[in-house]
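Going by this note's numbering, the final residue of the sequence shown carries number 299, and the count climbs one at a time with no gaps. Cβ atoms here follow ideal geometry from the backbone N, Cα and C, with glycine treated the same way.
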Amino acid sequence: MLVDFHMHSTASDGELAPAELLARAQALGIGALAITDHDTLGGYLQVQTPRPGASAPQLYPGVELSCQWAGCSIHVLGLGVCPRDPVLARGLSRLASARLERGEIIGRRLAAAGYEGAFAGAAALAGDSQLGRPHFASWLVAQGHVPDAGTAFDRYLGRNRIGDVKACWPPLAEVTGWICAAGGIAVLAHPLKYRFTAMKLGRLLADFIEAGGRGLEVLSGRQETGQTAQLMRLADRHGLLLSAGSDFHRDAPYGPTLGVESAAFDGRPTVWQALASARQAAPGAPESVRAPG
Ligand code: MN
Ligand code: MN
Ligand code: MN
């Protein structure tokens with residue numbers, strides 16, 4: 007079975023509308039998935055009505071939350087959360103303000119670098135979607151300041167560039183707690199992307215688990231098999247559920263495509279098994295993995 011528990015729609019910085027993502031997933035034969043937009047359940051909420059037909063994939067509510075730990079910005083996926091949970095809803099509105107605040111800081115820094123109007127331009131491009139650095143990249147490209155989005159990240163928006171503003175996100179433990187409160191499975195996203203030493207990653211995982219974290223994304227997009235094996239060992243050692251996803255944003259020549267073959271994880275505890283059992287156990291609350299009572 008193909009699965010995909012990490013992808014972005016136009017509700018954040020992805021290029022496909024949620025319905026297009028879902029249709030593509032169905033065409034590819036993906037059996038279970040979650041749309042995990044940055045800091046919003048909007049992607050899920052736009053397509054939550056079950057699609058008719060036997061081949062309709064199992065769609066679970068999902069979100070990719072921003073937070074910070076040890077001064078670094080970290081992403082935690084919330085899978086199978088109850089979309090109406092008030093604790094999560096308050097958390098999401100706090101993240102939306104943090105995102106706006108971060109956008110204003112990025113805008114001021116870009117203005118200081120000679121690019122006036124970046125915030126207004128990026129916000130206009132984002133429209134109703136959660137404002138993110140890709141919107142600033144698109145604005146820089148549209149204004150002719152850089153040839154393409156990759157260059158915008160290399161020069162201004164990527165790691166340790168002026169647009170890399172981390173300070174606004176709430177702490178990891180708090181954000182993980184919102185996912186638990188909403189009855190979801192908290193999964194540490196793309197663990198290798200933080201470029202931590204093994205020791206630091208171990209400390210992050212210990213804190214994450216203490217906060218209620220239950221899963222590790224052992225496969226993220228295009229990744230070397232050796233790295234997947236390494237992360238699977240790490241998940242085993244910490245007793246974490248395995249998760250996997252494309253982190254798809256848009257069609258790109260070297261970018262990931264939707265869908266991950268789940269057979270590679272057979273015989274191990276996975277988030278898709280946990281989500282399916284929870285859904286079966288609580289059919290009255292299909293969008294939540296919260297245990298009854
Ligand atoms: Mn993104
Ligand atoms: Mn991420
Ligand atoms: Mn992502």
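- Positions of the beta strand (DSSP E) runs, each at least 3 residues long and wholly inside the stretch 147-227, are given as 191-194 and 221-226 in order along the chain.
- Around the Cβ of D154, a 10 Å sphere holds fewer than 16 other Cβ atoms; the residue is exposed.
- DSSP places H255 outside any beta strand (DSSP E), giving it a letter other than H or E.
- Per DSSP, the continuous alpha helix (DSSP H) segment holding A104 begins and ends at P92 to A118.
- The beta carbon of S15 sits closer than 7 Å to the beta carbons of L22, A23, P24, L27, I41, D43 and G49 from its chain, once the five residues preceding and following it are set aside; these are given in chain order.
- The beta carbon of T42 sits closer than 8 Å to at least one heavy atom of ligand 3.
- In this structure, L71 keeps its C-beta atom at 9 Å or more from the C-beta atom of L106.
- Annotation for G251: the continuous beta strand (DSSP E) segment containing it runs L247 to G251.
- Around the beta carbon of Y162, a 10 Å sphere encloses 16 or more other beta carbons of the protein chains shown; the residue is thus reported as buried.
- For the pair L281 and K172, the Cα-to-Cα distance works out to about 31 Å.
- Inclusion of C73 and L178 in the CB contact set at 9 Å is warranted, their separation being smaller than that value.
- Below 8 Å, too few C-beta pairs join the stretch 109-120 and the stretch 201-213 to call them touching: fewer than three.
- Contact check between the stretch 214-231 and the stretch 156-170: fewer than three CB pairs, one atom from each, fall below 8 Å, which does not count as touching.
- DSSP, reduced to helix, strand and coil, places Y260 outside both helices and strands of the structure shown, so it counts as coil.
- The alpha-carbon separation between P67 and A31 amounts to approximately 15 Å.
- Counting along the chain, the unbroken alpha helix (DSSP H) around V277 starts and ends at V277 to A287.
- The three-state reading of DSSP puts S72 in strand, counting E and B together.
- A residue is called buried when at least 16 other Cβ atoms come within 10 angstroms of its Cβ; P92 does not meet this threshold and is exposed.
- At a Cβ-Cβ threshold of 9 Å, G20 and R285 do not count as neighbours.
- Residues close to ligand 2 by the beta carbon criterion (under 6 Å to any non-hydrogen atom) are, from first to last along the chain, E70, H81, A195 and H196.
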